[in-house]
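Working notes, structure below.
There are 2 protein chains.
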Amino acid sequence: MKEFFKVLDIETVLGLVPQFRPVDAEPVDLDAAGGRILAEDVFAAERLPDFARSTVDGYALRAASTFGASESSPALFQVIGAVAMGETARMTVSIGEAVRIATGGMLPPGADSVVMIEHAEAVDDTAIEVIRSVAPGQNLIAAGEDFEAGARIAARGRCLRPQDMGVLAAFGRARIQAFRLPVVGIISTGDELVPIDAVPAPAQVRDVNSYTLAGLVAETGSVSKRFGIIKDDFPSLYSACARALECCDMVLISGGSSVGVRDYTVEAISAFAGSEILVHGIAISPGKPTILARVGRKALWGLPGHVVSAMIVFTRITRPFLRHIGGRCDPYSADVSIPARLSRNVASVQGRTDFIRVRLTRHGAELWAEPVLGKSGLLNTMVHADGIIEIGKNIEGLEEGTSVEVILF
Amino acid sequence: MKEFFKVLDIETVLGLVPQFRPVDAEPVDLDAAGGRILAEDVFAAERLPDFARSTVDGYALRAASTFGASESSPALFQVIGAVAMGETARMTVSIGEAVRIATGGMLPPGADSVVMIEHAEAVDDTAIEVIRSVAPGQNLIAAGEDFEAGARIAARGRCLRPQDMGVLAAFGRARIQAFRLPVVGIISTGDELVPIDAVPAPAQVRDVNSYTLAGLVAETGSVSKRFGIIKDDFPSLYSACARALECCDMVLISGGSSVGVRDYTVEAISAFAGSEILVHGIAISPGKPTILARVGRKALWGLPGHVVSAMIVFTRITRPFLRHIGGRCDPYSADVSIPARLSRNVASVQGRTDFIRVRLTRHGAELWAEPVLGKSGLLNTMVHADGIIEIGKNIEGLEEGTSVEVILF
Numbered sequence: 002m003k004e005f006f007k008v009l010d011i012e013t014v015l016g017l018v019p020q021f022r023p024v025d026a027e028p029v030d031l032d033a034a035g036g037r038i039l040a041e042d043v044f045a046a047e048r049l050p051d052f053a054r055s056t057v058d059g060y061a062l063r064a065a066s067t068f069g070a071s072e073s074s075p076a077l078f079q080v081i082g083a084v085a086m087g088e089t090a091r092m093t094v095s096i097g098e099a100v101r102i103a104t105g106g107m108l109p110p111g112a113d114s115v116v117m118i119e120h121a122e123a124v125d126d127t128a129i130e131v132i133r134s135v136a137p138g139q140n141l142i143a144a145g146e147d148f149e150a151g152a153r154i155a156a157r158g159r160c161l162r163p164q165d166m167g168v169l170a171a172f173g174r175a176r177i178q179a180f181r182l183p184v185v186g187i188i189s190t191g192d193e194l195v196p197i198d199a200v201p202a203p204a205q206v207r208d209v210n211s212y213t214l215a216g217l218v219a220e221t222g223s224v225s226k227r228f229g230i231i232k233d234d235f236p237s238l239y240s241a242c243a244r245a246l247e248c249c250d251m252v253l254i255s256g257g258s259s260v261g262v263r264d265y266t267v268e269a270i271s272a273f274a275g276s277e278i279l280v281h282g283i284a285i286s287p288g289k290p291t292i293l294a295r296v297g298r299k300a301l302w303g304l305p306g307h308v309v310s311a312m313i314v315f316t317r318i319t320r321p322f323l324r325h326i327g328g329r330c331d332p333y334s335a336d337v338s339i340p341a342r343l344s345r346n347v348a349s350v351q352g353r354t355d356f357i358r359v360r361l362t363r364h365g366a367e368l369w370a371e372p373v374l375g376k377s378g379l380l381n382t383m384v385h386a387d388g389i390i391e392i393g394k395n396i397e398g399l400e401e402g403t404s405v406e407v408i409l410f
Numbered sequence: 002m003k004e005f006f007k008v009l010d011i012e013t014v015l016g017l018v019p020q021f022r023p024v025d026a027e028p029v030d031l032d033a034a035g036g037r038i039l040a041e042d043v044f045a046a047e048r049l050p051d052f053a054r055s056t057v058d059g060y061a062l063r064a065a066s067t068f069g070a071s072e073s074s075p076a077l078f079q080v081i082g083a084v085a086m087g088e089t090a091r092m093t094v095s096i097g098e099a100v101r102i103a104t105g106g107m108l109p110p111g112a113d114s115v116v117m118i119e120h121a122e123a124v125d126d127t128a129i130e131v132i133r134s135v136a137p138g139q140n141l142i143a144a145g146e147d148f149e150a151g152a153r154i155a156a157r158g159r160c161l162r163p164q165d166m167g168v169l170a171a172f173g174r175a176r177i178q179a180f181r182l183p184v185v186g187i188i189s190t191g192d193e194l195v196p197i198d199a200v201p202a203p204a205q206v207r208d209v210n211s212y213t214l215a216g217l218v219a220e221t222g223s224v225s226k227r228f229g230i231i232k233d234d235f236p237s238l239y240s241a242c243a244r245a246l247e248c249c250d251m252v253l254i255s256g257g258s259s260v261g262v263r264d265y266t267v268e269a270i271s272a273f274a275g276s277e278i279l280v281h282g283i284a285i286s287p288g289k290p291t292i293l294a295r296v297g298r299k300a301l302w303g304l305p306g307h308v309v310s311a312m313i314v315f316t317r318i319t320r321p322f323l324r325h326i327g328g329r330c331d332p333y334s335a336d337v338s339i340p341a342r343l344s345r346n347v348a349s350v351q352g353r354t355d356f357i358r359v360r361l362t363r364h365g366a367e368l369w370a371e372p373v374l375g376k377s378g379l380l381n382t383m384v385h386a387d388g389i390i391e392i393g394k395n396i397e398g399l400e401e402g403t404s405v406e407v408i409l410f
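Protein chains in written order, with the numbering used here: chain A, 2 to 410; chain B, 2 to 410.
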C-alpha cells in the first residue's frame, strides 16, 4: 500500500523525538568518558573536600589573633610546627600560635584561617610577625565547600565535559555508566554514483553524501557504518535497509532526490513488518522531500539527495533525534548559536521554514551574517558557510540589519 | 642555576607560539579524517561537476522554445527520449524537442535548461505541453559550477569539517595527508594526591587535574597520556619529565601550587640539556604561577595546581600552542565566543588580564553573562559555568550591562 504524503511543519516533526527510545547503557572507564553521555545520576558519596584545606602557602592560625595587625603594628605568633602534605595535622593551634602550611594542606585543629606567607615575616626559627589581619575562613576551602555529601554531582543525560570528568575523579568514579554510542547506518542511492576511489565515467559522480553524513554523525558523537552505493530499485534498497536495520540504531538513506527513488524508499520501508511512515515531506526549504519512518523501534530517514539539503536536514532535524537516541537530555538545545545582524535582505516563503547558509564577518564589535547564495547541489556553498539561520514559517522575509541567530556548523 | 622570574603578559606569552614546530604529517583514510588537520593544500584535479546536471525531475530542452509559455498558452514539445541516470545522453535536443531527465541526470547535447515536471503536462506518450518559461541555465548545475579545475578545494592547516570531507570525496581523495595527533603527557604532582580508585586517608584527595586536563586535551583533538602522580621532589619529577618528553609532543605538569614544588619544577626542567624557561609567571588571574619551558623542541608546562586555574590556563594559553603543534593554521581564533551582556559589575586589577567564569542566561532575545564566583580550587564553579570572559590588563573593571565576549568551554 502506498502511503499518502504527510507534509508536516518542522515543529511537529521535532515533536516526534520522544517516539524513539535511547540506547542502552554500558560501563565506561572515566579515562574514555569525555564527550560521552552519562546514563546515571551520580551523587556525592562524601563531602568534598573532606577536610578544610589551605588555598595558599602560609601559616594556619586563629584569625582573632591577627585582628588589628598591620606593618606598623604586627602580631607576633609562635610557630609550633608544620603541616606535611597529605598527612593529618596533629598539633592543635591555640591563640598566638601558628603552623606552617602549604597550598592544599589540611588545616590543623584549632586553626580557622591561613595568613599568606607574603604577609608574615620570620623573627627567628620559631616566631613570625603577621602584618595583615585575616578573617575566619579566609584562604581556605572549608570541608564540604565544593560539594556536600548527597549532592547530585552529575546528571543522567548530560554530555561529560572536562570539568565533569574532574568531579567524577574527585569522587573516585573510575567507571561510570554511559549510553553506548549509537550506530548510524548510511546508505547512498543513485545510479549515477560511483565509489570515491573510482574514476567517474561521463554522467557519473562520486558518492559525496556518505562522507558528509559520516562526518556529521561523528561530530554528534555517534558511530557511522557505511553500506555503500545501492542501486535504485526496490529489492536492492529493501535488502540494504534490512542489513542496516539489523546492526544500526538509526538508518539514513540519501541520494534519492528523484520522485522514482523516493517511491522506492517508501515502498521498501513499508515492506517491513511494524513499519510506519511518520513524515513524508517537511515544510522546509531546502529539504522538503524528507522521509522519516519508524521500523520497529528504529528511525529510518530518507534524506534529500542534494548535499546541502541533506546536511541541513541532518543538522536541524535528524540530529536532535540522534542525540535523544544517544541519551542526551537536551537534544534540541545542544547547538551553539550566535547572535548576528543580517547583511542584506533575504526573501522567504510564508508557510514554510527557510534555512539560509551564512558566512560570519566581524564589523567592529558586531558580527554580521552574510547569506551564501547558491544551489543546494553546490558543495562549495557549505565550505564557505559558517552556519545557517532559520526563518520561521510565519515570516515573509528578513530585512538587512535584522538580528538573527546563526546556528554554527 | 636558578632562573629568575619572567612574569610576562598574556599577549607576549601567546606570541611565543611560533617558537614550536608542528608535528609531522601522516596518511589518513578519508573515512577517519573528520576533525583532523589537513597537512596539504588540495587542488581540484578536474572541474566539478564534469558535466551539466539537472537539479530537478523534468524535461531537458532549449529555453528559447519556452519563452512566452503559460497555462493559457502552453508550448508544445516532442519528447524524443529519456536520460538514464549515470549514462551519457546520446540524443541531441533541437528546438521544440524535450528529453525526460531525473535529478542529477546529465544534460543531453543541445539542451540548455530543464523544465520541472510540475510545469509540464503530458499530451500523449511523445508530447508535452510546457506551461512556464525557463531561462537558459535554469534548473541545472553547469559543468565546473561547483569547483573549477585547479581551484584550491581544501587548505593545509584547516580542521576538516563534514563538508570538507564531502569535497575531498567528490574529488576522489580517499586518502589525505593529515598532521598526526599530538601526544600530550600529563604529570600530576602533590604529596596529598592519591589515584582516583584509592580511598583517600584524612588530609588526602584524589587526583582531579589529570582527568580535567585529559578531557581538555581530548577536546583539542589530541591524545593524552597520563604519567600518574609523581612525588614532590627533584629526582622523581626529573625522571617523570624525562619519560614523558621521550614519547610526547608536549608535557603538562600540574598540581604544584606551592612555592616549593614550583622550585622543583624549574629545577627539573633546567636539568635537561638545551632547555630554556620561556615563561615563569603570567600577568593573569587566575593562573599567575604558570611555567612554560622549551626542552629541545618540546613545550613543557608547569600549570597551577588549583583546578580552575589549570583549566583556564589550558583553555586560554596552552591550547593555542597545542593547536599550532597539531598543525592548525588558526590556533588563536579557533575558539567559539558569544557576545553577551554582563549581569553585574565585575572588579578587575589593572596590569593583569582577569578571567571570570560566567553562566549564560537568556533574557528575551539577549544573552546575559552572570559571573560564577568562587575560589579557584572549587570544581563546582566550573560545572556551573558555561564559559569565561576576559578582562584586559588596561581595564579596571566592567560595569553591569557591558557587552562582553563569552569564550565557551
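Beta carbons: idealized from backbone N, C-alpha and C, even for Gly.
Chain A within 8 Å of residue i, Cβ atoms only
i: G306 of chain B; result: yes
i: G138 of chain B; result: no
i: T104 of chain B; result: yes
i: L409 of chain B; result: yes
i: T89 of chain B; result: yes
i: Y212 of chain B; result: yes
i: V359 of chain B; result: no
i: L217 of chain B; result: yes
i: A53 of chain B; result: no
i: N381 of chain B; result: yes
Exposure label - residue i; buried when at least 16 CB within 10 Å
i: F44 of chain B; result: exposed
i: S333 of chain A; result: Reading off the sequence shown, one finds Tyr at residue 333 of chain A, where the question assumed Ser. So Y333 of chain A counts as exposed.
i: N140 of chain B; result: buried
i: Q351 of chain B; result: exposed
i: T248 of chain B; result: The residue you asked about is not Thr; residue 248 of chain B is Cys in the sequence shown. Label assigned to C248 of chain B: exposed.
i: P305 of chain A; result: buried
i: F315 of chain B; result: buried
i: A274 of chain A; result: exposed
i: E98 of chain B; result: buried
i: P432 of chain B; result: For residue 432 of chain B there is no data in the structure shown, the boundaries of chain B being 2 and 410.
Cβ of residue i within 8 Å of any chain B Cβ
i: P163 of chain A; result: yes
i: A204 of chain A; result: yes
i: N395 of chain A; result: no
i: E146 of chain A; result: yes
i: M312 of chain A; result: yes
i: M86 of chain A; result: yes
Rounded C-alpha distance that separates residue i from residue j
i: D30 of chain B; j: A171 of chain B; result: 14 Å
i: L108 of chain B; j: A53 of chain B; result: 6 Å
i: L194 of chain B; j: A33 of chain B; result: 38 Å
i: D198 of chain B; j: L169 of chain A; result: 11 Å
i: I129 of chain B; j: L15 of chain A; result: 40 Å
i: A46 of chain A; j: H325 of chain A; result: 29 Å
i: V224 of chain B; j: D113 of chain A; result: 43 Å
i: V135 of chain B; j: M86 of chain B; result: 23 Å
i: G365 of chain B; j: V308 of chain A; result: 34 Å
i: G398 of chain A; j: E371 of chain A; result: 15 Å
Check: Quick check: the region 167-180 of chain B against the region 65-76 of chain B, are there 3 or more CB pairs under 8 Å?
Finding: No, they do not touch.
Notebook entry, point to check: With a cut-off of 8 Å, do at least 3 Cβ pairs link the region 118-129 of chain B to the region 55-74 of chain B?
Noted result: yes
Check: Do the region 202-211 of chain B and the region 143-161 of chain B meet, that is, are 3 or more Cβ pairs less than 8 Å apart?
Finding: Counting Cβ pairs under 8 Å, fewer than three are found: no touch.
Note to self: Would the region 374-391 of chain B count as touching the region 341-358 of chain B if we require 3 or more Cβ pairs under 8 Å?
What the structure shows: yes
Margin query: Between the region 338-345 of chain A and the region 315-324 of chain A, can you find at least three pairs of beta-carbon atoms closer than 8 Å?
Written below: no
Item checked: Within the region 172-243 of chain A, ranges of the alpha helix (DSSP H) (whole runs, at least 4 residues) -> 210-220
Next item on the list: Please specify which runs of the alpha helix (DSSP H), each continuous and at least 4 residues long, are wholly inside the region 62-113 of chain A, giving them in chain order.
Entry: none
Check: Counting only runs that start and end within the region 290-367 of chain B, where is the alpha helix (DSSP H) found for 4 or more residues in a row?
Finding: 308-314, 320-326
Next item on the list: Decide if the region 181-189 of chain B is in contact with the region 219-233 of chain B; the criterion is three or more beta carbon pairs, one per stretch, under 8 Å apart.
Entry: yes
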